[in-house]
Amino acid sequence: MVVLTCLSGPDTVSCLSFSNKLLARGFENGSIHLSPPNNCTFLTVLSPSSEPCTAIAFAGDDSDVFYSSYGGNIVFWDLRNYETPVNVWKVSVDEINCIDVDIQDECLATADDVGVVSLVSSLTGEVTRVFQDHDNICSAVRFRPFWQDQLISCGLDCRLVVRDWKAIGHRCRTLEMADLVDPRRYVSLLDTYLNEGEAPCRRRGNRKTGWGTASFLIASSLTPEEVRQMMATRALGPGFPFNPPMIHSLGCDESGDYVAVGLGNGTVEVFQGDRNLRHVKSLLGHRRSVAALLPIGNSHLLSGGDDCCFFLWEMSCGGVGQRFVHSEKIGALAGRELSRIFVADNTSDVKVMDLTCA
Numbered sequence: 096m097v098v099l100t101c102l103s104g105p106d107t108v109s110c111l112s113f114s115n116k117l118l119a120r121g122f123e124n125g126s127i128h129l130s131p132p133n134n135c136t137f138l139t140v141l142s143p144s145s146e147p148c149t150a151i152a153f154a155g156d157d158s159d160v161f162y163s164s165y166g167g168n169i170v171f172w173d174l175r176n177y178e179t180p181v182n183v184w185k186v187s188v189d190e191i192n193c194i195d196v197d198i199q200d201e202c203l204a205t206a207d208d209v210g211v212v213s214l215v216s217s218l219t220g221e222v223t224r225v226f227q228d229h230d231n232i233c234s235a236v237r238f239r240p241f242w243q244d245q246l247i248s249c250g251l252d253c254r255l256v257v258r259d260w261k262a263i264g265h266r267c268r269t270l271e272m273a274d275l276v277d278p279r280r281y282v283s284l285l286d287t288y289l290n291e292g293e294a295p296c297r298r299r300g301n302r303k304t305g306w307g308t309a310s311f312l313i314a315s316s317l318t319p320e321e322v323r324q325m326m327a328t329r330a331l332g333p334g335f336p337f338n339p340p341m342i343h344s345l346g347c348d349e350s351g352d353y354v355a356v357g358l359g360n361g362t363v364e365v366f367q368g369d370r371n372l373r374h375v376k377s378l379l380g381h382r383r384s385v386a387a388l389l390p391i392g393n394s395h396l397l398s399g400g401d402d403c404c405f406f407l408w409e410m411s412c413g414g415v416g417q418r419f420v421h422s423e424k425i426g427a428l429a430g431r432e433l434s435r436i437f438v439a440d441n442t443s444d445v446k447v448m449d450l451t452c453a
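Residues 96 to 453 (our numbering) are what the sequence shown spells out, left to right.
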């Protein structure tokens, strides 16, 4: 890993977004910095509010339309005339944590602090539909790529909600993270590790015991003691008071083949399937909450956490996880290529990193 450059800002970085033309950085002082991703010396500054910028999103890779949020408001920008926003819409009673854009249906989805997912017209700002499936903060929401009727959200209530947002009525499926993996599987893995003296990197569940068939992938760069401690902690189950499986981050690969969530207990859970997502893999490496996820194409997934580490996971069968140690807690990730990843932490700087270099 090599740090290529460092992009300084006026306050702590709160969010990142990336398009073919621009990198956007949102800050706690409310400002937004826009710059070409390969030449960040050319800077455009947006100042919609003095309140923290909580979410940002481009309306497509080559679009000049851009959305940001502060409090319960969405700000609609045309970047060809960036001095003033086109409009400001009040869409939530509490802080918005995430914005996603469905270009085809001219629709935005927002996730907020009261657990509400709202659908908003990307042209008029009208709230067209509201979903109240979460009992706690809704941390993220995504339109699943190539599944135009599927809207996925997650939150601090430890739930992943998959809904058909175009259906008449309310059709959704809820996946509870606390019920996802039987703690006895971790006990079995720990016993195997202690008896065999090596990490059981990929094990499938036992159909006869009903423990599920999802596999585990333990990061190859962990030490034996780290593996032992990780298995022992997770074997205590969801009733253990530290780091419950609240969902802090959500990611989908560009083809919509898989959906990944980052949990408060440090696990990254991966799901696949069509309308009925199924749990297929648990990625084990982080020791604390996974705050950010970034799919890189269909081949890799980058996760960043409060343990000041990020892991690069190979998503292919038999893939591995590689750890990179950072100096601060990681809050957001952006980029398309492993040779140029943008990392935001709990400072005012964004580090540009090359993960292909030793």
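Glycine is no exception: its CB is placed at the ideal position from the N, C-alpha and C atoms. Owing to the predicted nature of the structure, the values given are computational and were not obtained by experimental measurement.
Would you say residue i faces chain C, with C-beta separation under 7 Å as the test?
i: E320; result: Note that chain C does not occur in the displayed structure, where there is just one protein chain.
In terms of DSSP beta bridges, what is residue i paired with?
i: H395; result: I391 and E409
i: E364; result: V356 and S377
i: A206; result: C193 and V212
i: V257; result: I247 and R268
i: S142; result: Bridge partners of S142: none, in fact.
i: V459; result: Because the chain spans 96 through 453 in this model, residue 459 falls outside it and cannot be assessed.
i: F171; result: Y162 and N182
i: S112; result: A119
i: D440; result: I425
With the cut-off set at 7 Å, would you say residue i and residue j are in Cβ contact?
i: S213; j: V225; result: yes
i: A235; j: L345; result: yes
i: R237; j: C347; result: yes
i: F406; j: A314; result: yes
i: E349; j: P240; result: yes
i: G220; j: W184; result: yes
i: D440; j: G426; result: yes
i: G357; j: S398; result: yes
i: P340; j: M272; result: yes
i: S443; j: G104; result: yes
i: I191; j: A150; result: yes
i: H421; j: A386; result: no
i: V256; j: D228; result: yes
Out of the options, point me to the one whose CA is closest to residue i's CA.
i: E146; options: G121, T223, A152 and V140; result: G121
i: Y162; options: C110, G210 and V209; result: C110
i: P270; options: R280, D286, G264 and L251; result: The residue you asked about is not Pro; residue 270 is Leu in the sequence shown. Of the listed residues, the one whose Cα sits closest to L270 is L251.
i: N84; options: R370, V276, S422 and A309; result: The chain is shown only over 96 to 453; residue 84 falls outside these bounds and no answer can be derived.
i: M96; options: Y353, M410, F437 and T442; result: F437
i: E432; options: V209, T451, R382 and S443; result: T451
i: V188; options: I169, L118 and C148; result: I169
i: T100; options: L129, T136, V108 and A119; result: T136
i: P390; options: S316, R382, A204 and D352; result: D352
i: K261; options: T223, E423 and P143; result: T223
Could you tell me the alpha carbon to alpha carbon distance between residue i and residue j, rounded to whole angstroms?
i: I194; j: C202; result: 10 Å
i: R297; j: E321; result: Because R297 sits at a pLDDT of 44, beneath the cut-off of 50, its placement in the model cannot be relied upon, and the point is left open.
i: G380; j: H374; result: 18 Å
i: S248; j: A327; result: 30 Å
i: R329; j: D274; result: 13 Å
i: K303; j: Q245; result: The predicted position of K303 is uncertain, since its pLDDT is 32 and thus under 50; no value can be drawn from it.
i: A152; j: F171; result: 10 Å
i: D230; j: L331; result: 25 Å
i: V98; j: V415; result: 23 Å
i: D207; j: G167; result: 8 Å
i: D369; j: R280; result: 26 Å
i: P319; j: M325; result: 10 Å
i: V445; j: S434; result: 15 Å
i: W408; j: F113; result: 21 Å
i: A355; j: S411; result: 14 Å
i: D402; j: R418; result: 11 Å
i: R323; j: K376; result: 19 Å
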